[in-house]
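Engineer: One structure coming up, written as structure tokens, with questions to follow.
Protein chains: 2
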Amino acid sequence: MNSNSNLACDTCPVRESAACASLNDEERIKLSKIGRHKILKKGETLTAAGDENTVCATLVSGALKITSNDRDGTERILSLVHPAGFVGELFSPAVHHDVVALTESKLCVFSRPQYEEIIEGHPALALALLRRSADDLFDARSMMDLAGKRSADARVAGLIQAFARAASHSPCHSADTFDLPLTRGEMAGMLGLTIETISRKLGLLESDGLIKRQGARGIRISDHARLAELSD
Amino acid sequence: MNSNSNLACDTCPVRESAACASLNDEERIKLSKIGRHKILKKGETLTAAGDENTVCATLVSGALKITSNDRDGTERILSLVHPAGFVGELFSPAVHHDVVALTESKLCVFSRPQYEEIIEGHPALALALLRRSADDLFDARSMMDLAGKRSADARVAGLIQAFARAASHSPCHSADTFDLPLTRGEMAGMLGLTIETISRKLGLLESDGLIKRQGARGIRISDHARLAELSD
DNA sequence: CCACTGCCTTGATCTGGATCAATTCACGTC
DNA sequence: GACGTGAATTGATCCAGATCAAGGCAGTGG
Numbered sequence: 267m268n269s270n271s272n273l274a275c276d277t278c279p280v281r282e283s284a285a286c287a288s289l290n291d292e293e294r295i296k297l298s299k300i301g302r303h304k305i306l307k308k309g310e311t312l313t314a315a316g317d318e319n320t321v322c323a324t325l326v327s328g329a330l331k332i333t334s335n336d337r338d339g340t341e342r343i344l345s346l347v348h349p350a351g352f353v354g355e356l357f358s359p360a361v362h363h364d365v366v367a368l369t370e371s372k373l374c375v376f377s378r379p380q381y382e383e384i385i386e387g388h389p390a391l392a393l394a395l396l397r398r399s400a401d402d403l404f405d406a407r408s409m410m411d412l413a414g415k416r417s418a419d420a421r422v423a424g425l426i427q428a429f430a431r432a433a434s435h436s437p438c439h440s441a442d443t444f445d446l447p448l449t450r451g452e453m454a455g456m457l458g459l460t461i462e463t464i465s466r467k468l469g470l471l472e473s474d475g476l477i478k479r480q481g482a483r484g485i486r487i488s489d490h491a492r493l494a495e496l497s498d
Numbered sequence: 267m268n269s270n271s272n273l274a275c276d277t278c279p280v281r282e283s284a285a286c287a288s289l290n291d292e293e294r295i296k297l298s299k300i301g302r303h304k305i306l307k308k309g310e311t312l313t314a315a316g317d318e319n320t321v322c323a324t325l326v327s328g329a330l331k332i333t334s335n336d337r338d339g340t341e342r343i344l345s346l347v348h349p350a351g352f353v354g355e356l357f358s359p360a361v362h363h364d365v366v367a368l369t370e371s372k373l374c375v376f377s378r379p380q381y382e383e384i385i386e387g388h389p390a391l392a393l394a395l396l397r398r399s400a401d402d403l404f405d406a407r408s409m410m411d412l413a414g415k416r417s418a419d420a421r422v423a424g425l426i427q428a429f430a431r432a433a434s435h436s437p438c439h440s441a442d443t444f445d446l447p448l449t450r451g452e453m454a455g456m457l458g459l460t461i462e463t464i465s466r467k468l469g470l471l472e473s474d475g476l477i478k479r480q481g482a483r484g485i486r487i488s489d490h491a492r493l494a495e496l497s498d
């Protein structure tokens, strides 16, 4: 862990897009006083289910997953967090889900009670978080939709499309070459399938000519139309 | 549809718990001027996916479901809305999901742009919506968790527990006698199972002595402990 | 260079839940 | 009380995906 009271917001890569972008300079300085940077290495956890709920954070770079674990050890991925995303369960006394780094990640961490205090005094921040929360809710529902499709083919095809959309950060049209951000196991966890099924379905998608694979992670979509049809 | 410009907030059953409870009298009067009551009969829809996104609403009484539909007609329930709940996708130009009444429901409907304007001028409302949105997000994730369990038994057991918790409106401990608020088909839609499987699993739960059924909808939980164990 | 360790792939088999197909039940209406 | 209709149950069969079991293929460190 790397801690630092100089948040240096001026050089922050998400200063335009994170919730704190809604604050003016003076307000942001106030916020930066209660925040600190933290680096999580791949696989490290920020907060675990059951912890006392004391922190919240903005993701500066990297990627996080929000997960729950069955007692038998199976991990279920509930959400992915991208840079500028906000994590933390405001208003709740305990943490319900694990938050784990998918890759080395840089966070801007705040004490939750202090952050809540600032929210209450700064309407623009509340509004920005509301917007972000509405997006998160929409994402969660999209994911429920995806994971609820009957066939494994439709789920895998839909997930690939979702990643393609996320990869090209223009929200309208999707990238056609990108790297899968997750392992087979993590994809399985998102879709409620097994590692083997993911692997097989990817193989099928390739042999049917919908995608082309480059190593284990690289994907090129060759037939957007058929992929979309499959996923629907 | 029943429209009325006198919202009569003073007698509203959710005046203490809905988002608008955060406003003072003067502010609430302003809000009431842009709202109107609407009654939806069982099965009627407030907004359908693809509509222009022009309204949002607070549920006063009854119950709603938020759903998406596969082209093949299968309905997937993404969320249930209870009285005092807020529906509407703020900040989004188009509606993504259907909102349908599960039972006859009374709503307080607002023009979305006008409502957004009020939010921006009234921090307390933004804060109340943020709180509600955080709850919705948590609920959505709980549901993903439930629908992602591997076995049908675990899902059905979990759903019964969730209903039992919702039925006793004290959040700590759950009712042990209550009526299922959904048809078998709707439960199937929530859990990604079929009507037949739901029916069979309920039958098994009864013959195993975990629950007792009274007609098609009535449930009495006889063995909370084993039910909890099954669902986990 | 080899051994080790995570991931990923591929194959063979098994099974839980889907699907297809009747009944049966509950309830509102005449 | 008979009738009609949508919901629920129950049974028989089938199949997609889980599970079990080997390998294969990087990347890492000795």
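Protein sequences appear in the order of chains U and S. This note's numbering applies: residue 267 is where the first sequence begins, and numbers increase by one. This note's numbering applies: residue 267 is where the second sequence begins, and numbers increase by one. For glycine and all other residues, C-beta sits at the position ideal for the given N, C-alpha and C.
Three Cβ pairs or more, each shorter than 8 Å: is that satisfied between the region 456-471 of chain S and the region 402-422 of chain S?
Structural biologist: yes
Engineer: Spatial neighbours of F444 of chain U within its chain, please: CB distance less than 7 Å, with the 5 preceding and 5 following residues excluded, ordered by chain position.
Structural biologist: Start at 1 with the first residue of the first sequence, and residue 444 of chain U comes out as number 178. Only F429, A430, A433, I485 meet the Cβ criterion.
Engineer: Which residues bound the alpha helix (DSSP H) around H490 of chain S?
Structural biologist: What you label residue 490 of chain S is simply residue 224 of the second sequence in a count that begins at 1. First-last of the alpha helix (DSSP H) with H490 of chain S: 490-497.
Engineer: Quick check on the burial criterion: 16 or more other C-beta atoms within 10 angstroms. Buried or exposed for K307 of chain S?
Structural biologist: Counting from one through the second sequence, the residue named residue 307 of chain S turns up at place 41. Answer is exposed; the Cβ neighbour count stays below 16.
Engineer: Any beta carbon of chain U sitting closer than 8 Å to that of R431 of chain S?
Structural biologist: Position 165 of the second sequence, counted from the first residue, corresponds to residue 431 of chain S. The beta carbon of R431 of chain S sits no closer than 8 Å to any beta carbon of chain U.
Engineer: Going along chain S in order, which residues have a C-beta closer than 8 Å to the C-beta of F404 of chain U?
Structural biologist: Taking the first sequence and counting its residues from 1, the one referred to as residue 404 of chain U is at position 138. The contacting residues are E355, S358, H362.
Engineer: For the pair the region 355-364 of chain S and the region 292-307 of chain S, tell me if three or more CB-CB distances fall below 8 Å.
Structural biologist: no
Engineer: So L393 of chain S packs on A392 of chain U, CB below 8 Å; how close in whole Å?
Structural biologist: Indexing the second sequence from 1 puts residue 393 of chain S at position 127. Indexing the first sequence from 1 puts residue 392 of chain U at position 126. Correct: roughly 5 Å between the Cβ atoms.
Engineer: Which residues in chain S sit within 7 Å of E462 of chain U, going by Cβ to Cβ distance?
Structural biologist: Position 196 of the first sequence, counted from the start, is the residue given in the question as residue 462 of chain U. Chain S residues near E462 of chain U: none, gap ~14 Å exceeds 7 Å.
Engineer: Since V366 of chain S and T333 of chain S should fall inside the 8 Å C-beta cutoff, what is the C-beta to C-beta distance between them, to a whole number of angstroms?
Structural biologist: As a first step, residue 366 of chain S is located in the second sequence; it is residue number 100 there, counting from the start. As a first step, residue 333 of chain S is located in the second sequence; it is residue number 67 there, counting from the start. Their Cβ separation, rounded to whole angstroms, is 6 Å, which keeps V366 of chain S and T333 of chain S in contact under 8 Å.
Engineer: List the residues of chain S whose Cβ lies closer than 8 Å to the Cβ of G414 of chain U, in chain order.
Structural biologist: Along the first sequence, read from residue 1 onward, the residue named residue 414 of chain U stands at position 148. Within 8 Å Cβ-Cβ: R342, A413, G458.
Engineer: What residue does the beta strand (DSSP E) around G301 of chain S start on, and which one ends it?
Structural biologist: Counting from one through the second sequence, the residue named residue 301 of chain S turns up at place 35. Here the beta strand (DSSP E) through G301 of chain S covers 301-306.
Engineer: For chain S, find out if any of its Cβ atoms is closer than 8 Å to the Cβ of A423 of chain U; answer yes or no.
Structural biologist: By 1-based counting over the first sequence, the position of residue 423 of chain U is 157. No, A423 of chain U does not count as interfacial toward chain S.
Engineer: What whole-angstrom Cβ distance do S298 of chain S and C275 of chain S have, given they're in contact under 8 Å?
Structural biologist: Working through the second sequence from its first residue, we reach residue 298 of chain S at position 32. Working through the second sequence from its first residue, we reach residue 275 of chain S at position 9. About 6 Å separates the two Cβ atoms, so the contact holds.
Engineer: Near R502 of chain S, which residues of its chain fall below 7 Å by C-beta distance, leaving aside the five closest residues on each side in sequence?
Structural biologist: Lying before the first or after the last residue shown, residue 502 of chain S is absent from chain S, which here runs from 267 to 498.
Engineer: Is there a Cβ of chain U sitting closer than 8 Å to that of S399 of chain S, yes or no?
Structural biologist: On the second sequence, residue 399 of chain S is found 133 positions in, with the first residue counted as 1. Yes, contact with chain U.
Engineer: On a CA-only basis, which of U:G301, U:S440, U:P447, U:V326 is nearest S488 of chain U? Give me that one, please.
Structural biologist: Indexing the first sequence from 1 puts residue 488 of chain U at position 222. Here the closest residue by C-alpha is U:S440.
Engineer: According to DSSP, which residues form a beta bridge with N335 of chain U?
Structural biologist: As a working note, residue 335 of chain U is residue 69 in the first sequence. DSSP lists U:E341 as partners of N335 of chain U.
Engineer: So with CB distances below 8 Å, who are the chain U contacts of M409 of chain S?
Structural biologist: On the second sequence, residue 409 of chain S is found 143 positions in, with the first residue counted as 1. Neighbours of M409 of chain S on chain U, chain order: M410.
Engineer: What does the alpha-carbon distance come out to for the pair G316 of chain U and I300 of chain S?
Structural biologist: For the purposes of this step, residue 316 of chain U is identified with residue 50 of the first sequence, where counting begins at 1. For the purposes of this step, residue 300 of chain S is identified with residue 34 of the second sequence, where counting begins at 1. Rounded to whole angstroms, G316 of chain U to I300 of chain S spans 43 Å at the Cα level.
Engineer: Check distances from the C-beta atoms of the region 435-455 of chain S to those of chain U and list, in chain order, the residues that come in under 7 Å.
Structural biologist: none
Engineer: Listed in chain order, which residues of the region 296-315 of chain S have Cβ atoms closer than 7 Å to some Cβ of chain U?
Structural biologist: none
Engineer: Are the C-beta of S334 of chain U and some C-beta of chain S separated by less than 8 Å?
Structural biologist: Your numbering for residue 334 of chain U matches position 68 in the first sequence. S334 of chain U counts as touching chain S.
Engineer: Which residues of chain S have a Cβ atom closer than 7 Å to the Cβ of R281 of chain U, listed in chain order?
Structural biologist: By one-based count along the first sequence, residue 281 of chain U stands at place 15. Correct list: empty, because the minimum Cβ distance to chain S is about 21 Å.
Engineer: When you compare each of S:T313, S:C374, S:H388, S:T340 to V361 of chain S by their alpha carbons, which one comes out closest?
Structural biologist: As a working note, residue 361 of chain S is residue 95 in the second sequence. That would be S:T313, whose Cα lies nearest to the Cα of V361 of chain S.
Engineer: Decide if the region 408-417 of chain S is in contact with the region 406-416 of chain U; the criterion is three or more beta carbon pairs, one per stretch, under 8 Å apart.
Structural biologist: yes
Engineer: Compare the C-alpha of L476 of chain U against each of U:A482, U:E462, U:S497, U:T463 and name the closest.
Structural biologist: Residue numbering aside, residue 476 of chain U sits at position 210 when the first sequence is read from its first letter. Of the listed residues, the one whose Cα sits closest to L476 of chain U is U:S497.
Engineer: Suppose contacts are defined by Cβ-Cβ distances below 8 Å. Is I385 of chain U in contact with L396 of chain U by that definition?
Structural biologist: Along the first sequence, read from residue 1 onward, the residue named residue 385 of chain U stands at position 119. Along the first sequence, read from residue 1 onward, the residue named residue 396 of chain U stands at position 130. Taking 8 Å as the Cβ cut-off, I385 of chain U and L396 of chain U do not qualify as a contacting pair.
Engineer: For K372 of chain S, does the count of other Cβ atoms within 10 angstroms reach 16, so buried, or fall short, so exposed?
Structural biologist: Numbered from 1 along the second sequence, position 106 holds the residue referred to as residue 372 of chain S. Answer is buried; the Cβ neighbour count reaches 16.
Engineer: Would you mind working out which of U:R302, U:S327, U:A390 sits nearest G351 of chain U, comparing C-alpha positions?
Structural biologist: Locating residue 351 of chain U in the first sequence gives position 85, counting from the first residue. For the residues U:R302, U:S327, U:A390, the minimum Cα distance to G351 of chain U belongs to U:S327.
Engineer: Going by DSSP, what residue range makes up the alpha helix (DSSP H) through D401 of chain U?
Structural biologist: To locate residue 401 of chain U, count along the first sequence from 1; it is residue 135. Here the alpha helix (DSSP H) through D401 of chain U covers 389-414.
Engineer: R378 of chain S and T311 of chain S: beta carbons closer than 8 Å?
Structural biologist: Working through the second sequence from its first residue, we reach residue 378 of chain S at position 112. Working through the second sequence from its first residue, we reach residue 311 of chain S at position 45. Their beta carbons are not under 8 Å apart, which means R378 of chain S does not touch T311 of chain S by this criterion.
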